[in-house]
Structure formats: C-alpha cells, structure tokens
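FYI, the numbering for the sequence shown is -27 to -1, 1 to 134, going by mature numbering (1 follows the signal peptide of the UniProt record, and there is no 0).
We treat Cβ as the ideally placed atom computed from N, Cα and C, and that holds for glycine.
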Amino acid sequence: MNSRLRKLALLVLTLAAVGVVIPAASAASSMTQTPVLTDIRTGRHADFDRVVLDLAGHRPEFFIRCVDQLYQDGSGYPVSLPGTYFLEVRLAPAAAHDDSGNPTYTGPRQFGTPALTNVQAVAITGDFEANLTVGLGLRRDSWHRVFVLSSPTRVVIDVGH
C-alpha cells in the first residue's frame, strides 16, 4: 500500500508540474507569434498605386476604413499628412517592434510618395498592444482593396488612380 501512495503522489506532482509549465510556455509563444513589420514598399501600376507592408510572422487580420482625418493611436493627436482623402489600415495582431521593444521597421514613420499617382504619403499612426495602424493620404477618392499574401507575409493595399 505504501508503494501505491508514493506512485499516486508522484503522479499528482508530475501532473501539477506539467499544468504549471504548459500554460506559461503557451503564453510566451503567443507573444512571440505577433507578426512584425519589416518594410514598407510602394509602387505605381497602370491603373492603381500599391503599398505593401512586409511582415515577419503569420497573417494578421486587417481592417480598412476611409476617415476625414488620421490620428495618432494613443495620444489622439492629428497626423498631418498630405492628401484630401485618407485611408486607415489597422492590422491585428501586428507590431513594428519586437518583444523587447526594439523596432523591427527602421524606415521613416512618415514619408511622401511622389512617384505614385493617387497615394501622396504613408504614415505609421499606431503601434500599440499588438495593433499596427498605417494611414494613407490620397489626392482623390477612389476604389481601394486590401489583401494578405503568404510566404513571406505581406499586406497589400491597392488604390485606384
């Protein structure tokens, strides 16, 4: 009987140890799986302008909307960006920094796009709590589409001329 109690106690301790370690490992791995911005590229095509957000990691969800004004996430301060119309694209989960707070995108946070026909400028307007927000300043209202590509992960924003 004494041997049975020892085996039972060992089993209980093992299960308790596994129960403590597995959730901690899951929480740590979910934090490192947030896709991070590595580059922003732009290009002009025959009928549309394209903005590509290069990401390292899995595919985020995206949300796009037309807004009258772009605002900096967190502070709420207006973002001064050339354009008459504005698109706001939010990626979640996504970030422009790693788990240690180091930037993963080292390019400009805001830049003009003189080679494009309709998109005048691009700005990172938010990078907070696994939400990455990018704003586009447009010359004129036009159609737009957003889609995600894999291998490597890219969020593509097309805006008609």
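Hey, how far is the Cα of R32 from the Cα of P66? Their Cα atoms are separated by approximately 9 Å.
I'd like the span of the beta strand (DSSP E) that includes R63, first residue to last. Element bounds for R63: 58 to 65.
Same chain, Cβ closer than 8 Å to D71, five either side skipped, listed in chain order: Scanning its chain for C-beta atoms nearer than 8 Å, with the 5 sequence neighbours on each side dropped, one finds around D71 the residues V9, T77, in chain order.
Please report the residue range of the beta strand (DSSP E) in which T126 lies. T126 -> beta strand (DSSP E) spans 126 to 133.
Expressed to the nearest angstrom, what Euclidean distance is found between the alpha-carbon atoms of A29 and D41? Each residue's alpha carbon lies about 31 Å from the other.
Inspect the beta-carbon positions of A69 and L105 and report whether they are closer than 8 Å. Yes; because the gap between Cβ atoms is below 8 Å, this pair is in contact.
Report all residues from its chain with a CB closer than 8 Å to the CB of T15; omit the five preceding and five following residues, and keep chain order. Same-chain partners within the cutoff: D22, R23, V24, V25, T86, A88, L89, V92, V95.
Per-residue burial, H18 [other beta carbons within 10 Å of its own, 16 or more giving buried]: With fewer than 16 other Cβ atoms within 10 Å, it is exposed.
Apart from the five residues just before and just after Q83, which ones in its own chain have a Cβ nearer than 8 Å to its Cβ? Cβ neighbours of Q83 beyond the five flanking positions: V52, L54, A94, V95, A96, I97.
Where the beta strand (DSSP E) through Q83 begins and ends: 83 to 85 is the extent of the beta strand (DSSP E) around Q83.
Other residues of its chain near D131: CB distance less than 6 Å, five sequence neighbours each side excluded: Excluding residues within five positions, the ones whose Cβ falls inside 6 Å are F21, R23, R118.
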